[in-house]
Structure formats: C-alpha cells, structure tokens
Amino acid sequence: MDQDDQVANRAITQTHALVANMVRWAVSQSMTGTDDLDVSQSTHVISQMNLVSSHFLDRCLSAYFNRFLAALPITHRATFNIRTTNAPLLLSMIAVGSLCLQSDDARRLGDSIWRLANTAVSSSWQELIKIKGDFDSCQGLALVTTVLLVQIYATASTDPELKNSAVVAQPLGFRCARLAGMFDIQTPPQAETISPEFKALEGQALTDSWYKWSARETQQRTLLGLYLMDAQVCSLFDAAPSVRHTLSQLPPVCTDAAFYAPTAEAWRKVMVDEDGSYGSPYRGPLSTLYSCNPTSGPLRRSITSGFTVAALLDGIYCLVVEQRDLPLSLRNEEMSSLIDRLDRFRNDFLLNDKPEIDIPALAMKWHTTSISLLELWLPTGIALKENAESINKWFSTPQGRRAVLHANAIRQVVDTMPFSAISTPRIQTPVCTYHAGYIMMLWLKSHMCAKGAGNWDLDHEVDWQRLGSIGQVISQRDLVTAVEGGGPETFVNEGGTTSLRGKKFDATGISALISALTTFGGTWPAARTMTNQLIAMSYA
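Going by this note's numbering, the first residue of the sequence shown is number 948, and it counts up by one from there.
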C-alpha cells in the first residue's frame, strides 16, 4: 500500500469517526428535551447510522467530487483537505454524494446523514459561523457551504419534511453570509497575479498563494451557488426570490482552466497565460444585460466561466418571477425590457460554442424562463390549472401557443442530450424537463390543439430570431409578418394542429421527457414525483 492510499484510508476512518461523534451529539441534543418526536427521530438515526460503513462514506465522497461537482463546481477539489473540514460540512458533502449513488439504500442513509448536518446548522450556527479556515478571508465559509449543500439535498428529496426545510432555509444562506462578511470579498488586482514576484514564487510560498486563492474562489462560488439555489426554490415551489439578483456585487468567478488546475505550478501557468484576468464582476455583465445597451458588445467577452453564465440567466428568471404579484398593467410595462434581456442572452451565449458553457442546459433554462414570461399575461392570481376553462383560455391566446413552441424546444434538447448529462443532470434540468412536459400535456388537453386550418410540425426547429416577439408583444407588424411568413409565426397568431414524426401529436410525444425524468430520478428523487405526475396526466 503506497503513501497516498494510507492517507486516504486514514481520512475515511476519520470521516467515520466524525459521523459517529455527530450521531452521539445529535442524540444528546434531542434527549435534553422532552419532545417525543425528537427522541423518536434520534432513535431512528441511530438505527440507520449503524448501517454506515467506511466503504459507503468513501463512495459518497467520491461521488460528490466526481459527479456532483461536475454539475455545480463549488468545492476546490485540488486543495480540499478532509482532515481540516468540520463535521457538518463533511456530513452535507456525504449526503449530497449519496444522491449520486442512485440506490434506495444510499438515499435512506443519506436522509439520516442530512438530518445530522441540518441539526448542526439549526442548533449551532452561532458557533459554526465563527470558524475560519487557515486560508479563508473571513469566518463562516464552511457554515454557508453547509447551508447550501443541505438545501440542495432537500430540494432533491421527495420527503415533505425535507422539502419544507428547503423553503424555510431559502434566505438562511444569504443571512449567514452577510453576518460573516462574505460579501465583502475583493478580487485581487490583476498586477498581483502577473507580477515578477508572483512568477518567481517557489515551494511553500507558491502553495500558500494557491491555497489562499482557492479559498477566495470557493467563497465566491459558494455565494454564486446561493443565487442559483434561490432561483431553484422559486421554480420548484412558486416562491418569491429572497434577494434581488440584480443588486449582486460579487467579484467574477475564475476560468474553468484555473479552477481545475491540479497543482500550484499548473495553476500559476494558467494565471500567467490568462494575464491574471478575471473578466468583469458579476454585477457588471448582469447590469449590462439589464440595460440592453447594444454598444457594450457581446457579454461573452467579459464572462470567463459557465458558472457565472448560469447565474446570469437565473437572475433574469428571478426578475420574471418578481413580476407575478404585480397588477397586469404594471407587468406590461416591464414585458418589453424582459423580452430584450432574454433575446440578448440568447444572442450572446446560446449562439456560440465556448467549451465552458453548457449550451443544452442553458437552452432548457432559457426556454423555461420564456414560458414563465409568457405566463405573466395571465391575470393576477390566475395560474394554469388542469381544468378545461383555464386551459382553453390560455391556448386560445398567442402567448399559450408560443409556450407550446418553447416546451417543444426543451423536448428537442432532451432528445439529443448525451447520457452523461442525463445521469448527473444540472440541478435546474429536471424542473425544466417537467415544465416542458406539463405545458405539452396541457396543450393536448385543450380543445385548441384540434382547431385551426394550419399544422405545425414539432420536428422542425424554430428560428427564434425570425419569430421575434410574436406572441409576447403583439403588434400589427407582427400579424402582417405572420400572415406573409407562415410557419411558427402563423401557428402562434392563428393557431392550428400539431404533428410529430408524421403523425398527429399525442401523449406518446412526450415519452422522451418522461424517460429523461425517470433517469433524473436516480440522482434527484424529486424527479420521480414529476414523472408520476406527467404519467397521471397522460391517463386522465
């Protein structure tokens, strides 16, 4: 056995000891009270945790680093040290990793481990927020990361208790981050990372510089992850955003090449090759996107990571969600600017082939956001329901029929999605897939799907540039274009039937969406519930 294996084995043994200590601590906490429910839950935790082995913990941590971080890269793997990681953070990482094992037994154990981490956060956050790592720029980083991972696990669960905790904890991460001063982070001057002194660093000095940089980068990505999860909770539970995403002043996230550099030497080479450039601050491109100033140039020139790009789109989604509670007249005032922002995002990020940008996942979120924008035309307090009156009213409008095109575009993305993206999806992907299937099933239930002289073939891709704002903001010019141009323009404005693969479109047309959701359910259990809902709709 070589030295690395010995170190790994000692680390796993220590992890198992930490879990055992956390079990004893959680039990002692609950036994101090008289709540029979707490005692019962603790007894259940004991019975479950007796089944935890070092091998299971090893598999969970491996899955966290090898699979989960590919979907949400918030932990710097190269500098992560299990021996200096506090127990609640380690437990939350193990719980999230258990999701990627895709087995019911792993999920049951994951639930028990999640409860320990969640108990630690809820009962001891005042102590945890004071913890500061050797290279951290402020206190509380481990706590906020734990809160983020605990919330991610809860949103993926089918357990009502866990799902409710995700909504309750929605603003908690932001509150803890502010109390710890995490938002005061500053990007180092560009000259600092391309100076002769930086290039001359050797040995421990270079390693320390790398560790300090990675701690700052982890802090930035954890904060950005809070924004992503805020949007995720909004889409899952119809909740309002807990913060204004447009006001974020986070420094930029580094390039993927710098983040994934395996050694200090490799990291320095990337930083020197990139001239220490971090791109523009998060607020910079987001503010530019909101201003829709065509003279500012493509935003992709100033954004260096796909992680930031995903946060930008979630920021637009949350801005759309914020309009839901406004009267219809006030929503109309914002509609045009929201359309412009979505159009600019598509032009800047979805029409290029930058390798660090996950185009399929972003396209699905873009279409889902577009559907949410179209739903703003519904009167205040009216939502799409599974009853004939509301469904027929919706699809008798250009907005409803354009929503069908966006839902079908998501189906087309899923049809061509590689297995690797399906087996470990981005956290937003299952919700987008379900939303598409829900809209298409509602379309089938409406009387409008059988009305109209024309037919739109759902195999065809829509030229969104050509379609423009038809169905979003309708003008006389749009109507003229639709009559003259035909195609999706005519379908949106005048209605018609739909077909797929040469046959009339029916419930079998969303089989790819149901199949994908079934596979998503292996990692994100909540997708199983979504699958069952779509199947039930198809038989109703």
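Every residue, glycine too, gets a C-beta built ideally from N, C-alpha and C.
Going by DSSP in three states, residue i sits in which element: helix, strand or coil?
i       : result
Lys1216 : helix
Asp1051 : helix
Asp1404 : strand
Ile1132 : coil
Pro1143 : helix
Lys1340 : helix
Leu1019 : coil
Lys1392 : helix
Val1409 : coil
Ser1485 : helix
Ala1113 : helix
Thr1031 : helix
Glu1281 : helix
Lys1312 : helix
Asp985  : Low confidence applies to Asp985: its pLDDT is 44, below 50, so where it sits in the model is not reliable enough to give any reading.
Thr1154 : helix
Gly1399 : coil
Ile1286 : helix
Pro1365 : coil
Asp1058 : helix
Asp1300 : coil
Glu1149 : coil
Leu1325 : coil
Ile1318 : helix
Grab me the residues of residue i's own chain with a C-beta within less than 7 Å of its C-beta, minus the 5 sequence neighbours each way, in chain order.
i       : result
His1002 : none
Ala1310 : Leu1297, Val1360
Arg1278 : Gln1270, Leu1323
Pro1020 : Arg1168, Phe1206, Phe1254
Ile1318 : Ala1350, His1353, Ala1354, His1382, Ile1386
Thr1093 : Pro1035, Leu1036, Ser1039, Ala1064, Val1068
Leu1016 : Thr1022, Arg1024
Ser1084 : Ile1132, Ala1162, Arg1163, Gln1166
His1394 : Asn1339
Phe1121 : Leu1173, Ser1189, Val1190
Taking 8 Å as the threshold (C-beta atoms), are residue j and residue i in contact?
i       : j       : result
Ala1010 : Ser1039 : no
Leu1096 : Val1043 : yes
Gln1166 : Met1129 : yes
Val1200 : Leu1171 : yes
Ile1417 : Asn1440 : yes
Glu1436 : Leu1405 : no
Trp1072 : Cys1007 : no
Met1388 : Leu1325 : no
Ala1473 : Ser1189 : no
His1023 : Glu1164 : yes
Ala1127 : Val1091 : yes
Gly1471 : Pro1365 : Contrary to the premise, residue 1471 reads as Trp rather than Gly in this sequence. Cβ distance not < 8 Å, so Trp1471 and Pro1365 don't count as in contact.
Ala1089 : Leu1175 : no
Gly1469 : Gln1151 : no
Thr1026 : Trp1157 : yes
Asp1261 : Arg1373 : no
Ile1250 : Arg1288 : no
Thr1438 : Gly1401 : According to the sequence as given, residue 1438 is Phe; it is not Thr. Going by C-beta atoms, Phe1438 is nearer than 8 Å to Gly1401.
Gly927  : Gly1442 : Nothing can be reported for residue 927, as the shown portion of the chain is limited to 948 through 1487.
Closer than 8 Å, CB to CB, is residue i near chain D or not?
i       : result
Asn1355 : Protein chain content of the structure displayed is limited to a single chain, and chain D is not contained in it.
I need the boundaries of the alpha helix (DSSP H) containing residue i, first residue and last residue.
i       : result
Tyr1264 : 1253 to 1269
Leu1090 : 1088 to 1103
Glu1221 : Note, Glu1221: premise wrong, no alpha helix (DSSP H); not H, not E.
Gln1375 : From DSSP, Gln1375 is part of no alpha helix (DSSP H); its letter is neither H nor E.
Pro1274 : It is not in any alpha helix (DSSP H) - Pro1274 carries neither H nor E in the DSSP assignment.
Cys1085 : That residue, Cys1085, is in no alpha helix (DSSP H); it is neither H nor E in DSSP.
Leu1040 : In the sequence under discussion, the amino acid at residue 1040 is Met, which differs from the Leu named in the question. 1034 to 1046 is the extent of the alpha helix (DSSP H) around Met1040.
Ser1000 : Premise fails: Ser1000 is in no alpha helix (DSSP H) and is neither H nor E.
Phe1121 : 1119 to 1127
Arg1293 : Note, Arg1293: premise wrong, no alpha helix (DSSP H); not H, not E.
Arg1358 : 1345 to 1362
Take residue i and list the residues in its own chain whose beta-carbon comes closer than 8 Å to its own, dropping the five residues that flank it on each side.
i       : result
Leu1490 : Past the edges of the chain, shown from 948 to 1487, lies residue 1490, and the structure says nothing about it.
Ile1286 : Leu1320, Ser1416, Gln1419, Val1420
Going along the chain, which residues of its own chain have a beta-carbon closer than 6 Å to the beta-carbon of residue i, five neighbours each way excluded?
i       : result
Ala1067 : Pro1035
Leu1464 : Thr1380, Ala1474, Met1477, Thr1478
Ile1060 : Leu1038, Ile1041, Ala1042
Ala1356 : His1314
Practice problem: Enumerate, from N- to C-terminal direction, the unbroken beta strand (DSSP E) stretches of 3 or more residues contained entirely within the region 1159 to 1214. | Solution: none
Quiz prompt | Contiguous alpha helix (DSSP H) assignments of at least 4 residues, all confined to the region 1411 to 1480 | solution = 1411 to 1414, 1423 to 1432, 1435 to 1441, 1458 to 1470
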